[in-house]
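In UniProt numbering, the protein residues as written are 1 to 191.
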């Protein structure tokens, strides 16, 4: 038996029902669509009638006028009383007078400075890796330094930024580096 190629073969054509000449197929309207259509027409007619009724109503033609106040003889007074303000009410609370007489004690204290801070962003065995990180930090708009450190395990190259007089400034630069996808920076006291 031979294999058949189903992909390149054209799809089978559907048989159509023969139609009478001169007549087109009309969509059949259901009872539900007829009821919805009638309701929409009735609502539009009701809305239009309401707008027409508001337009032609005599109540909406005249503006609303407030009845004039009756002027009594007690309200008639010289110009002094008309322009003066009434007396302020008697104060129920005593905190207003207490605040006027309150003495504020000012404490004398000294703010301790933590010292200069540095931010270390990496420590590498080769200087080339440290130079790559320093270049990435430079692309972020900050200037880094490479400090060689010799210990038991050989020479390590530390990439650091600083010194910063306040820790808040170091945190600001740390967030700037995080936005540029340079993570794992630590803030230390400068030693």
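Even glycine gets a Cβ: it sits at the ideal position worked out from N, Cα and C.
Model, not experiment: these values are computed from the prediction.
Query                                                                                                                      : Result
DSSP three-state assignment for residue 185, whether helix, strand or coil                                                 : coil
Proximity below 9 Å, CB of residue 182 to CB of residue 133                                                                : yes
Contiguous beta strand (DSSP E) assignments of at least 3 residues, all confined to the UniProt domain "SPOR" (111 to 191) : 117 to 124, 145 to 151, 154 to 164 and 186 to 189
Straight-line gap, residue 50 to residue 60 (C-alpha atoms, nearest Å)                                                     : 13 Å
Residue 60, DSSP secondary structure in three states                                                                       : helix
Inter-stretch contact (C-beta, 8 Å, three-pair minimum) for the stretch 149 to 159 and the stretch 169 to 183              : no
Per-residue DSSP class, three states only, for residue 109                                                                 : coil
Segment contact flag, the stretch 84 to 95 with the stretch 123 to 143, C-beta cutoff 8 Å, min 3 pairs                     : no
Which of helix, strand or coil DSSP assigns to residue 100                                                                 : helix
Burial state of residue 118, where buried means 16 or more other Cβ atoms lie within 10 Å                                  : buried
Secondary structure of residue 85, DSSP reduced to three states                                                            : coil
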